[in-house]
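**Q** Those protein sequence lines, which keep their order, are chains A and B. Numbering of the first sequence is given in my numbering, commencing with residue 159 and proceeding in unit increments. Numbering of the second sequence is given in my numbering, commencing with residue 159 and proceeding in unit increments. Handing you a structure now.
Number of protein chains: 2
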Amino acid sequence: MEWVKKLDAMKAMAQLLRRHCVEATTLAGSGHPTTCLSSADVVTALFFHSLRYDIANPSNPLNDRFVLSKGHAAPLLYAVWAEAGAIPVESLKTLRRIDSDLEGHPTPRFQWAEVATGSLGQGLSIAVGMALAGKMDKLPFCVYALLGDGEVAEGGVWEAVAFASYYRLDNLKAIVDVNRLGQSGPTMLQHDLELYARRFAAFGWHTILVDGHDFEQLVNAFDQAATVKGQPTVILARTLKGKGVSFLEDKEGWHGRPLPKDLAEKALAELALSEGQIALARSLKVQPPTDGAEISLPSVSEEWHRRIEFPRYELGQQVATREAYGDALVAIGKANPLIVALDGDVKNSTFSEKFLAAFPERFVECFIAEQNMIGVAVGLAARGKIPFASSFACFLMRAYDFIRMAGIGMANIKLCGSHAGVSIGEDGPSQMGLEDLAAMRAIPRSVVLYPCDAVSTVKLVAEMAKYQGIAYLRTTRPKTPVIYDNAEEFPIGGLKVLRQSPNDAVTVVAAGITVFEALKAYEALASEGLHIRIVDLYSVKPLDTEALVRHAQQTNNLVVTVEDHYPEGGLGEAVASAVSPYGIRVHKLAVTDLPRSGKPEELMDMFGISAKHIVQTVKRLAGS
Amino acid sequence: MEWVKKLDAMKAMAQLLRRHCVEATTLAGSGHPTTCLSSADVVTALFFHSLRYDIANPSNPLNDRFVLSKGHAAPLLYAVWAEAGAIPVESLKTLRRIDSDLEGHPTPRFQWAEVATGSLGQGLSIAVGMALAGKMDKLPFCVYALLGDGEVAEGGVWEAVAFASYYRLDNLKAIVDVNRLGQSGPTMLQHDLELYARRFAAFGWHTILVDGHDFEQLVNAFDQAATVKGQPTVILARTLKGKGVSFLEDKEGWHGRPLPKDLAEKALAELALSEGQIALARSLKVQPPTDGAEISLPSVSEEWHRRIEFPRYELGQQVATREAYGDALVAIGKANPLIVALDGDVKNSTFSEKFLAAFPERFVECFIAEQNMIGVAVGLAARGKIPFASSFACFLMRAYDFIRMAGIGMANIKLCGSHAGVSIGEDGPSQMGLEDLAAMRAIPRSVVLYPCDAVSTVKLVAEMAKYQGIAYLRTTRPKTPVIYDNAEEFPIGGLKVLRQSPNDAVTVVAAGITVFEALKAYEALASEGLHIRIVDLYSVKPLDTEALVRHAQQTNNLVVTVEDHYPEGGLGEAVASAVSPYGIRVHKLAVTDLPRSGKPEELMDMFGISAKHIVQTVKRLAGS
């Protein structure tokens, strides 16, 4: 297409996209039209000039990727994919309806979104993960991420910015839509593009400043970006919120508000297009990826997990579950080349360093920036990897909103939180994961696992890898004895009964470090002729309600739970919630106050979760 | 003291501090000596040259403040305060013991710490909050924050950096101890001080580069920092991890490891001091604040809350609880000048904008950077303010690790999360707070409140302000009818019984939006002759177990809970956990799968928490 005609066609396309956004949000009665209008030109230039994408085959590994970090511009995302031919234009009218996959903010129910966005400041990290996957697989695709200016205030963005330049991700091209206005007022930097540029440049990025409504500048910017080697590029686009509609342009008070019908009509009149202009717009096509690129992606059979050679442990051997996690990563990494590991500068504590030693090319050091680590994992997963990200359990909480969004995005990521509970000892409460079970259970469709010994750990890590979705493993700092035979299996949703007799007074449910307190309590009570049943609830979510109820019913409908976690949202509440409908009485032992520094055994005793407390509780219940 | 002698004294003091750190960690058998050794000279110069502090009176409002963001250098913090005369030097030997307040990482149990640190990357935000309090109160103190280099990778740091320059906090002086080594390897930027400087400068900071082991440079840097106006200052100090001990200096593999006894002796030999040198070191004194500064702090009587003029509502009036939150903020702000409000660019959604309109000088726009917002709130609280920070409930999760640390720090902060649950409707899951009850309940000593109408909201906001500690309020997007009289009181830990009769079949426990579903269900069931008791559990934590048990026992030991939250860690589990020991059966209605966009009423129905589902559940239970 000749240049002048292409320019006219892009102008018409942007106008068409603006029309779709105004119409769809007015029809829906909610949404963010003005934030779409500011980005329409950028998105048009990107899709119909630069992007290489096989519309008929979204899973073509050569496709460029596009991440809409400013998720509230979802109507624009749907509109451009519709005009690109991915979905019928007619479907745009279903925006935000309960029976539509065109949601208020993108989720992967709309498959071209790939990931969920809408909690701002996360899309760049995800794009970074995709770009990293491209580098790992030596694929030539580019990743484009469109950010709003307001979200650049989020620290997670700067974690991603620092990471991308450190790893020289020149296949990453970010665009910031600098429209000056946030939700409730002007942004910090307003239209100071030079200041944005200085910040990105100081963080090692190539920067390009453009008028985001000038197609010639936009096209040149994307062309220039394509040539940059050795560093990521950001295009800083000066735009006007509400661009194209006179009474919306650069005006405050319109964020997140659809136009009422009369104003929508006025807006559409300003955005009018002739039949000819529409035809011209629709003569634009998204270009397919260049043929002939070599693709040698790792191929993995569905039965890969049958080839895992699990590490073997001796019964009674003292092995920290966190160390077994490292062993397990290596074992599954050998059996499946898609396994990658990420860590936030604690790899010698989480033992992910074992994976680094075995597979350095599949290990990603994320430094002390847990939010970006999770975003990168989501991006890697979107490109087919099976990422395991580890840190102290408490420091994963730094990324809780990223994990929340990963849940909404149904991302296939695996998390390991080490140093759970007061049993870490002297480092004190800031380093203790005591709320991670509550937080991770409250992620929809998540799996939450908490092994007590090395054998159950390595088996559960393999289960996590097989599971499609978010799975969380909680590991313990101190060494614990191996209590399971190497042949034992640990399916997700199961439990193990460690002690039982026909006349057990109470069922004690434990997991992780407290399993050993329960076993000590068993011995103490048995010596006095009082028998208890002991359940290792290694699968905290989902949990085996049927088995728990059965055991409880066989033990006077009495359950005692004991956990190295706060009382809220942990093991005890999970059990109480599951068995409560059956009239079973659950008594909880948990860390009921703010802990402090001390020896592990001192702390477990001081905060009420040691064998002594189990014995006292069982005696009280059995006597009543 | 003459200059050369002072230099010698500081050198001796730094050596003395190093000795304390080595001795204390070896005695404790754990800790981070090498990270203390790199900072010892910086801390010595700061405390014995620049800091102005009334050691006898830590609450003197003219005192400068010192925040140790790199909390793992706690032994150094304790050592310098000991040598400054705040605590006995002898007490350093109690480091990390369960009976000592000298914990592995600082908490306010050690009162000179003021706040908890140890989850890296948070101290600067807290220091920013303190500096902001100084500006608000027109006090001349400075705030010093000591950061490690590894933690500068945390995005929260860059949120604080951007915020501090935006608000021109020239009373803030940060020092970065650039010792090149993280926990498990070199940091991203290693010893590239110029690159650090470019980044801070691009973010609007005055930068000073020094050799962090050269007292002349350090003293000059602090002197220069004191003269900088209109912008914050960062001193970038090139240091060596393990400085002063030949076999530790700049060596990997020593992070978080105390020296074994023999090596400790070797180290102490290298750090030897004569009696004369020790005496010279101890001739250094921390200088008190300059006299004569005018202090006119707002004075508040303990009975201030009796003067609150609560907004009044009509029964049946439609008012969103989020709007009532704004009304309440204004009401308590009038009665107490210590109340301040913070928001993250959603003030027109959370309605904190009402406080901005009434008290602009006490409102802090934090832009889209929730982590820093919470850190700033913690800093403001440490300086005596009562900060209320608001955002969408789900976006507060962005700051969960900051909230966790605020809990450990026993910070007096108040949080409001709006837009709870699927009842927000079309914006979709990324904007729905569905895990916030789980997360906020799992903060030790937190209070979690969830009002259903405007009257209960305004009363609870006042209760939050009176409560000393972290309190969380959950508000709802749609308008709900006022059901309580303006005279009604809502103590923390209480509940309200909205419907009861002598022959109720089941107790239905609801809160927030689901109270109205329960009331609808009541009508539907009553029309069929089936009576239920309805409890508004506005205080989710603490909750009134005694009353819940009593009502349940009066209704066949049957409870149905219904909540606009995921099933994990929310209202239902709180209730199940509380009443389960009494053999009461609890049946939970909650949002059991990943929601989507749609109308509020459609979503509440689709995800199982509408009146229809309550009716069905009650009928099933009553019939069984």
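Here a beta-carbon is modelled for each residue, glycine too, at the ideal position from N, C-alpha and C.
Do you know whose CA, among Gly542/B, Ile628/B, Lys228/B and Leu747/B, lies nearest Gly414/B's CA?
**A** Among Gly542/B, Ile628/B, Lys228/B and Leu747/B, the Cα nearest to that of Gly414/B belongs to Lys228/B.
**Q** Helix, strand or coil: how does DSSP classify Cys194/A here?
**A** In this structure, Cys194/A counts as helix in the three-state DSSP scheme.
**Q** Suppose contacts are defined by Cβ-Cβ distances below 7 Å. Is Glu584/A in contact with Ser755/A by that definition?
**A** Going by C-beta atoms, Glu584/A is nearer than 7 Å to Ser755/A.
**Q** Less than 7 Å separating the beta-carbons of Val477/A and Leu500/A?
**A** Their beta carbons are not under 7 Å apart, which means Val477/A does not touch Leu500/A by this criterion.
**Q** Tell me whether Ser454/A is buried or exposed, calling it buried when 16 or more other Cβ atoms sit within 10 Å of its Cβ.
**A** Exposed, by the Cβ-count rule.
**Q** In chain B, what lies closer than 7 Å to Tyr790/A by C-beta?
**A** With chain A running from 159 to 782 in the structure shown, residue 790/A is simply not present.
**Q** DSSP three-state call for Thr634/A: helix, strand or coil?
**A** Thr634/A falls in the coil class under three-state DSSP.
**Q** If you count every other CB in all the chains shown that lies within 10 Å of the CB of Thr265/A, and 16 or more means buried, which is it?
**A** Thr265/A should be labelled buried.
**Q** If you reduce the DSSP assignment to three classes, tell me which class Glu312/B lands in.
**A** It is coil, neither helix nor strand.
**Q** Check for me: the alpha helix (DSSP H) holding Glu261/B runs from which residue to which?
**A** Note, Glu261/B: premise wrong, no alpha helix (DSSP H); not H, not E.
**Q** His577/B to Arg267/A, Cα distance in whole Å?
**A** Taking the straight line from one Cα to the other gives about 23 Å.
**Q** What three-state label does DSSP hand Arg603/A in the structure shown?
**A** Reduced to three states, the DSSP call for Arg603/A is coil.
**Q** When the cut-off is 7 Å and only beta carbons count, does Lys505/B lie next to chain A?
**A** Yes, its Cβ sits closer than 7 Å to a Cβ of chain A.
**Q** For a contact meaning CB atoms closer than 8 Å, what does Cys552/B contact in chain A?
**A** Neighbours of Cys552/B on chain A, chain order: Ser277, Asp559 and Arg562.
**Q** Could you check the C-alpha separation between Pro602/B and Thr750/A for me, to the nearest Å?
**A** Computed Cα separation, rounded: 8 Å.
**Q** Tell me the DSSP secondary structure of Gln445/B in three-state form.
**A** Gln445/B falls in the strand class under three-state DSSP.
**Q** If you scan the stretch 549–621 of chain B from start to end, which runs of the beta strand (DSSP E) of 3 or more residues do you find wholly inside it?
**A** Runs found: 572–576 and 605–607.
**Q** Using a beta-carbon distance below 7 Å, is His745/A in contact with chain B?
**A** Yes - at least one Cβ of chain B is within 7 Å of the one on His745/A.
**Q** Whole angstroms are fine: how far does the CA of Ile566/B sit from the CA of Gly343/B?
**A** Approximately 28 Å between the Cα atoms of the pair.
**Q** Since Met106/B and Ala540/B are thought to touch, with beta carbons under 8 Å apart, how far apart are those beta carbons, to the nearest angstrom?
**A** There is no way to answer for residue 106/B, as the model of chain B reaches only from 159 to 782.
**Q** Between which two residues does the beta strand (DSSP E) carrying Arg480/B extend?
**A** Looking at the DSSP string, Arg480/B is not in any beta strand (DSSP E); the run it does join, the alpha helix (DSSP H), is Thr479 to Ala493.
**Q** In terms of residue numbering, what span does the alpha helix (DSSP H) encompassing Phe521/B cover?
**A** Counting along the chain, Phe521/B falls outside any alpha helix (DSSP H), though it belongs to the beta strand (DSSP E) covering Phe521 to Glu523.
**Q** Can you pull out the residues from the stretch 455–466 of chain A whose beta carbon lies closer than 9 Å to at least one beta carbon of chain B?
**A** Taking 9 Å as the Cβ-Cβ cut-off against chain B, none of the residues of the stretch 455–466 of chain A qualify.
**Q** May I have the straight-line CA-CA distance separating Ala291/A from Gln269/A, to the nearest angstrom?
**A** Cα to Cα, Ala291/A sits roughly 19 Å from Gln269/A.
**Q** Since Tyr483/A and Val619/A should fall inside the 8 Å C-beta cutoff, what is the C-beta to C-beta distance between them, to a whole number of angstroms?
**A** 6 Å between Cβ atoms; contact.
**Q** Which value, in whole angstroms, describes the spacing of the CA atoms of Ala732/A and Thr508/B?
**A** Taking the straight line joining both Cα atoms gives about 32 Å.
**Q** Helix, strand or coil: how does DSSP classify Phe380/B here?
**A** Note: Phe380/B maps to helix in three-state DSSP.
**Q** How many angstroms separate the CA atom of Lys296/B from the CA atom of Leu220/B?
**A** Answer to the nearest angstrom: the Cα atoms are 10 Å apart.
**Q** Less than 7 Å between the C-beta atoms of Gly340/B and Leu195/B, yes or no?
**A** Going by C-beta atoms, Gly340/B is not nearer than 7 Å to Leu195/B.
**Q** Under DSSP, the beta strand (DSSP E) around Tyr724/A begins and ends at which residues?
**A** Careful: Tyr724/A lies outside any beta strand (DSSP E) and carries neither H nor E.
**Q** Along the chain, where does the beta strand (DSSP E) containing Thr365/B start, and where does it finish?
**A** Taken as a continuous stretch (DSSP letters only), the beta strand (DSSP E) holding Thr365/B covers His364 to Asp369.
**Q** Which residues in chain A sit within 7 Å of Pro418/B, going by Cβ to Cβ distance?
**A** By Cβ distance, chain A contributes nothing, its closest Cβ being about 16 Å from Pro418/B, past 7 Å.
**Q** How do the stretch 179–189 of chain A and the stretch 568–582 of chain B stand: do at least 3 beta-carbon pairs fall below 8 Å, yes or no?
**A** In short, these stretches do not touch, since the Cβ pair count stays below three.
**Q** Name the residue from Asp372/B, Leu487/B, Val580/B and Gln375/B whose alpha carbon lies nearest to the alpha carbon of Glu760/B.
**A** Of the listed residues, the one whose Cα sits closest to Glu760/B is Val580/B.
**Q** Taking the Cβ atom as the reference point for each residue, do Gly586/A and Glu261/B lie within a distance shorter than 7 Å?
**A** Contact: yes.
**Q** Which class does Gly537/B belong to by DSSP, given the choice of helix, strand or coil?
**A** Correct three-state label for Gly537/B: helix.
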